[in-house]
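Novice: In this text, residue positions in the sequence shown follow our numbering: the first is 3, and each later residue adds one.
Can you read through this structure? Questions will come right after.
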Amino acid sequence: MTKNRLATVLAVLGGLFLLYIGAVFLLTPQTSVVGYGLPAWPHDQGEGILVAKGMRDIGFGLVILALLLAGQRKALGLAMAAMTVVPVGDMVNVLNEGGPAATAYCVHGLTAAAVAVTAGLLLRERPAAA
């Protein structure tokens, strides 16, 4: 598999995964927060922030897929490099809130690494010869 194809596959999977995670947070915010690494959320108390998290993820997923479909691979690489701060922030949040370190590092830390690798692959691509 070429590096360009690998970058494309990783970007598509990342975009689709974000759409899925966002939808899960919209549909079942109470149960989703535990998988995120935070303690169970009190029912009927501030669930709007969980919905906002779901919408954030859907928005990021759509940006990834839109830039990929538009053929804007360099812009996608830059966007994904910038987006790397989100899973890093999520990891720090889980650790600061006393969540499981395994979830912080294995879910959010590995996500940050995957996003950074995808961004790096996209940014290292050479333009196609004319």
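Ideal placement from N, C-alpha and C gives every residue a C-beta, glycine not left out.
Considering only the beta carbon of each residue, do Ala114 and Met82 sit closer than 8 Å?
Specialist: no
Novice: When the Cα atoms are used, what is the spatial distance from Thr86 to Gly50?
Specialist: 24 Å
Novice: Val12 to Val90, Cα distance in whole Å?
Specialist: Sequence check: residue 12 is Leu here, not Val. Answer to the nearest angstrom: the Cα atoms are 18 Å apart.
Novice: I'd like to know if the stretch 55-71 and the stretch 11-31 are in contact, where contact means that at least 3 CB-CB pairs between them fall below 8 Å.
Specialist: Verdict: yes, contact present.
Novice: For Lys74 and Gly122, what's the separation of their Cα atoms in angstroms?
Specialist: The sequence as given places Gln at residue 74; Lys does not occur at that position. Approximately 15 Å between the Cα atoms of the pair.
Novice: Helix or strand or just coil, what does DSSP make of Leu1?
Specialist: Any question about residue 1 goes unanswered here, given that the chain covers just 3 to 132.
Novice: Answer with yes or no whether the minimum CB distance from Gly122 to chain B is below 8 Å.
Specialist: As a matter of chain content, chain B is missing from the structure shown, which is built from one protein chain.
Novice: Leu29: which of Lys55, Leu71, Gly100, Leu40 sits nearest, CA to CA?
Specialist: Lys55
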